[in-house]
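Only one structure is covered here, and it is reproduced in the block below.
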Amino acid sequence: MRQSSLVVVANRLPVDDNSAFDGAFEWRRSPGGLAGALHAILEQTPATWVGWSGHEGPAPDLPDIGSLRMCPIALSADDLAGYYEGFANSTLWPLYHDAVEQAVFDRGWWETYREVNRRFAEAAAEAVEPGGTVWVQDYHLQLVPQMIRERRPDVLIGFFLHVPFPPPELFMQLPRRIELLRGMLGADLVGFQRPQAAHNIAQLTAKLLGAEVTGDDQISFEGRTIRTGAFPMSIDVAEMQALAARRDVRTRAAQLRSDLGRPRRVLLSVDRLDYIKGIEQRLTAYSELLRDGRVKVRDTVMVQVAVPSRERVEKYRRLRDRIESEVGRINGEYGRVGEPAVHYLIQPFDRAELAALYQTADIMVVTPLRDGMNLVAKEYVAARADATGALVLSEFAGAADEFTDAFQVNPHDVDGLKERLLQAMEADPADLERRMTAMRDHLTGHDIVQWARSYLTTLDSTGRVAARIPG
Ligand code: ADP
Ligand code: F6P
């Protein structure tokens, strides 16, 4: 097998291989922020990506994408039930997101999680060249760093957690907490979105493993030093700016506004259909503003784009049912013929259509109850070339650390959310411009390439690995 000096390991490959089985391969972006953002930097990098194709059964034969080699991992129906839907998305996911939904501890899932992690680790260990680098992504693969170290002690190992890492009170609930911590500590550098996460792991390793912690960024454990730190992830800013500048995208944005009935204000939300995204609380706030007559249909429209996600997990199916029934109720009560109060779209859009939607939105409402980063907030800011528009942003999204000029809000506080929405809707254009300019300035110096380089330079201070990322 051909080996690479850089191997990325993530649950999903950057492609969805629907179209690959009949041989007619087509580049299709996988759902979610991780794969989309990473593919932007890796497409031009000589590297291998180990991941799952998004479909159950044997691993498909996928061609390289540019200089990026695909290494698909097969997952059976049982693997998906125990590893992906089970331990990753019904145990870790809710627990890591403040337990906004109850985490399920099913003893049967653990063995599958470990076995699937072993499969990813073996593929990565085979794919990396001597002295190379393996970069493991996210909560699905927390055991992989240690498993690679056992097989390939010669390589550098990085681990990055895209989701929040919880405070000790929550993490301590996990029946397999010690194995999970040891798994991550197999890496040379454990990266997080926010500084608080690095603080949390330092406290936990001292408490549970008796590790020695220096400051918040060095853990000494079993004769090795593991570094930790915050590396807030970002987007391909240039891509979104270029899309937003395209004439056809601007024309499309004008068309969308006209299709919406040329309202005075357009509110937009774009989320995966997940209970962490705070969609229900947002709909409650908006519906109360309509009920109280503080917002009027025709004058204002709300567009909610939602991509169905993890639908084999019951909580996600139930969430979708509740949201759809609430949208139906709001439209039934407050809409008029040809003028719904909430436009609800559960369709995948291409990047140009998303850019047009962002340009149409006067107020972007991003109010997750907890979110590792939230790249949609960054995409909106990148798309606002004329520095207009308002971003209403949850203080519990990672992006809140960087976008201090957004209209920040606690999304659990429905009254506070209503006030914040009104404040953003009624803000003085000069104030909006000042806020948007500050956020755009920040984003310019913090794009996805800068994120990858900063992480990889910390992993390998010689800069050898970071230099492989073009741009
Ligand atoms: P998460 O990783 O939890 O899904 P993020 O906000 O970080 O959340 O990333 C979501 C990504 O998915 C963004 O890049 C966004 O543009 C993309 N996306 C969201 N909704 C759609 C949609 N309807 N069609 C296509 N892409 C979408
Ligand atoms: O950000 C967390 C995450 O699991 C990412 O790995 C992924 O980009 C996104 O959520 C989508 O989730 P899934 O891969 O389960 O569809």
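The letter at position 59 of the sequence shown is residue 59 when you use the working numbering, and the numbering goes up by one with no holes. Glycine included, each C-beta is placed from N, C-alpha and C at the ideal position.
Specify, as a first and last residue, the run of the alpha helix (DSSP H) that Met1 falls within. Numbered from its first residue, the sequence shown carries residue 1 at position 1. First-last for Met1: undefined, no H or E at that position.
Can you name, in chain order, every residue of its own chain whose Cβ lies under 6 Å from the Cβ of Ala124, other than the five neighbours on each side? The residue labelled residue 124 in the question sits at position 124 within the sequence shown. The residues are Val7, Val9, Val50, Val134, Ile148.
Helix or strand or just coil, what does DSSP make of Ala238? The sequence position of residue 238 within the sequence shown is 238, counting from 1. Note: Ala238 maps to helix in three-state DSSP.
Please classify Gly215 as buried or exposed, where buried requires at least 16 neighbouring CB atoms within 10 angstroms. In the sequence shown, counting from the first residue as 1, residue 215 sits at position 215. Exposed.
Using only the alpha-carbon positions, how far apart do Asp362 and Gln3 sit? In the sequence shown, the residue the question calls residue 362 occupies position 362. In the sequence shown, the residue the question calls residue 3 occupies position 3. If I take the Cα positions, the gap works out to 48 Å.
Cα-Cα, which of Glu101, Thr48, Gln196 is closest to Gly372? Start at 1 with the first residue of the sequence shown, and residue 372 comes out as number 372. Closest option to Gly372, Cα to Cα, is Gln196.
Check whether the Cβ atoms of Ala399 and Glu239 sit closer than 8 Å, and answer yes or no. The sequence position of residue 399 within the sequence shown is 399, counting from 1. The sequence position of residue 239 within the sequence shown is 239, counting from 1. It is not a contact, given that the beta carbons lie outside the stated cut-off.
Would you say Ile219 reaches chain B, if we count a Cβ-Cβ gap shorter than 8 Å as a contact? Of the protein chains in this structure there is only one, and it is not chain B.
Buried or exposed (CB count within 10 angstroms, at least 16 for buried), Arg152: Residue numbering aside, residue 152 sits at position 152 when the sequence shown is read from its first letter. It is buried - the Cβ of Arg152 has at least 16 other Cβ atoms within 10 Å.
Could you have a look at Gln304 and say whether DSSP puts it in helix, strand or coil? Reading the sequence shown from its first residue, position 304 is the one you call residue 304. Strand.
Can we say the stretch 240-258 touches the stretch 350-357, given the rule of at least three CB pairs closer than 8 Å? yes
By DSSP, does Phe87 sit in helix, in strand, or in coil? By 1-based counting over the sequence shown, the position of residue 87 is 87. Three-state DSSP puts Phe87 in a helix.
In whole angstroms, give me the CA-to-CA distance for Gln142 and Leu456. By one-based count along the sequence shown, residue 142 stands at place 142. By one-based count along the sequence shown, residue 456 stands at place 456. Spanning the two alpha carbons is a distance of roughly 19 Å.
Here's the rule: buried if 16 or more other CB atoms are within 10 angstroms of the residue's CB, otherwise exposed. What is Glu379? On the sequence shown, position 379 is the one that residue 379 refers to. So Glu379 counts as buried.
Start-to-end residues for the alpha helix (DSSP H) that takes in Gly57: Start at 1 with the first residue of the sequence shown, and residue 57 comes out as number 57. Run containing Gly57: none; DSSP gives neither H nor E here.
Excluding five sequence neighbours on each side, which residues of the same chain lie with their C-beta closer than 8 Å to the C-beta of Phe171? For this step, residue 171 is matched to residue 171 along the sequence shown. Cβ within range, chain order: Leu95, Phe165, Arg177, Asn200, Leu204.
With a 10 Å radius around its C-beta and 16 neighbouring C-beta atoms as the bar for buried, classify Pro145 as buried or exposed. Within the sequence shown, numbered from 1, the residue matching residue 145 stands at position 145. Answer is buried; the Cβ neighbour count reaches 16.
Counting only the same chain and skipping the five closest in sequence on each side, list residues whose C-beta sits under 7 Å from that of Arg118. Residue mapping note: residue 118 aligns to position 118 of the sequence shown, counting from 1. Met147.
Measure the C-alpha to C-alpha separation of Pro429 and Thr367 and round it to an integer number of angstroms. Counting from one through the sequence shown, the residue named residue 429 turns up at place 429. Counting from one through the sequence shown, the residue named residue 367 turns up at place 367. Looking at the two C-alpha atoms, the distance is approximately 22 Å.
Please state whether DSSP places Gly416 in a helix, a strand or coil. Position 416 of the sequence shown, counted from the first residue, corresponds to residue 416. Here Gly416 sits in helix by DSSP.
Cut-off 7 Å between Cβ atoms - residues of its own chain near Gly335, not counting five sequence neighbours on either side: Here residue 335 refers to the residue found at position 335 of the sequence shown. Around Gly335: Val297, Ala341.
Are the Cβ atoms of Asp271 and Ala306 separated by less than 8 Å? For the purposes of this step, residue 271 is identified with residue 271 of the sequence shown, where counting begins at 1. For the purposes of this step, residue 306 is identified with residue 306 of the sequence shown, where counting begins at 1. Result yes, Cβ atoms of Asp271 and Ala306 sit closer than 8 Å.
Since I believe Asp16 is in contact with Ser30 (beta carbons under 8 Å), could you give me their beta-carbon distance rounded to a whole number of angstroms? Residue mapping note: residue 30 aligns to position 30 of the sequence shown, counting from 1. Residue mapping note: residue 16 aligns to position 16 of the sequence shown, counting from 1. Confirmed, Cβ separation roughly 5 Å.
Could you pull the DSSP bridge partners for Leu268 from this structure? Within the sequence shown, the letter at position 268 stands for residue 268. According to DSSP, which records beta bridges pairwise, Leu268 is partnered with Val303, Met364.
Based on the DSSP output, what are the partners of His343 in its beta bridges? Stepping through the sequence shown from its first residue, residue 343 is reached at position 343. His343 is bridged to Val303.
Based on Cα-Cα distance, which residue from Arg265, Asp386, Glu111, Val163 lies nearest to Met364? Taking the first residue of the sequence shown as position 1, residue 364 is located at position 364. Measuring from the Cα of Met364, the nearest candidate turns out to be Arg265.
Give me the Cα-Cα distance between Glu326 and Gln255, rounded to the nearest whole angstrom. Reading the sequence shown from its first residue, position 326 is the one you call residue 326. Reading the sequence shown from its first residue, position 255 is the one you call residue 255. Going from the Cα of Glu326 to the Cα of Gln255 covers about 28 Å.
Check this for me: beta carbons of Tyr84 and His140, under 8 Å apart or not? The count along the sequence shown starts at 1 and reaches residue 84 at position 84. The count along the sequence shown starts at 1 and reaches residue 140 at position 140. Yes, these two residues count as a Cβ contact at 8 Å.
Closest to Pro60 by CA distance: which of Ser67, Ala47, Ser76 is it? For the purposes of this step, residue 60 is identified with residue 60 of the sequence shown, where counting begins at 1. If we check each option's Cα against that of Pro60, Ser76 comes out closest.
Please classify Leu268 as buried or exposed, where buried requires at least 16 other C-beta atoms within 10 Å of its C-beta. Within the sequence shown, residue 268 is the residue found at index 268, counting from 1. Leu268 is buried by the Cβ-count criterion.
Three-state secondary structure (DSSP) of Ala390: Numbered from 1 along the sequence shown, position 390 holds the residue referred to as residue 390. In this structure, Ala390 counts as strand in the three-state DSSP scheme.
Express the C-alpha separation of Leu38 and Ala99 in angstroms, rounding to a whole number. Residue mapping note: residue 99 aligns to position 99 of the sequence shown, counting from 1. Residue mapping note: residue 38 aligns to position 38 of the sequence shown, counting from 1. Their backbone Cα atoms lie some 27 Å apart in a straight line.
Count the other CB atoms within 10 Å of the CB of Pro411; is the residue buried (16 or more) or exposed (fewer)? Position 411 of the sequence shown, counting from 1, holds the residue named residue 411. Pro411 comes out buried.
For the ligand ADP, is there any heavy atom lying closer than 7 Å to the beta carbon of Gly278? For the purposes of this step, residue 278 is taken as the residue at position 278 of the sequence shown. Gly278 Cβ: outside cutoff for every heavy atom of the ligand ADP.
Near the ligand SAM: Phe396 beta-carbon under 7 Å from a heavy atom: Summarising the ligand content, the structure contains the ligand ADP and the ligand F6P and does not contain the ligand SAM.
Got a sec? Which residues, its chain only, sit under 6 Å from Pro14 by beta carbon, not counting five neighbours each side? Within the sequence shown, the letter at position 14 stands for residue 14. Once the five neighbours on either side are set aside, the close Cβ partners of Pro14 are Ser30, Ala35, His39.
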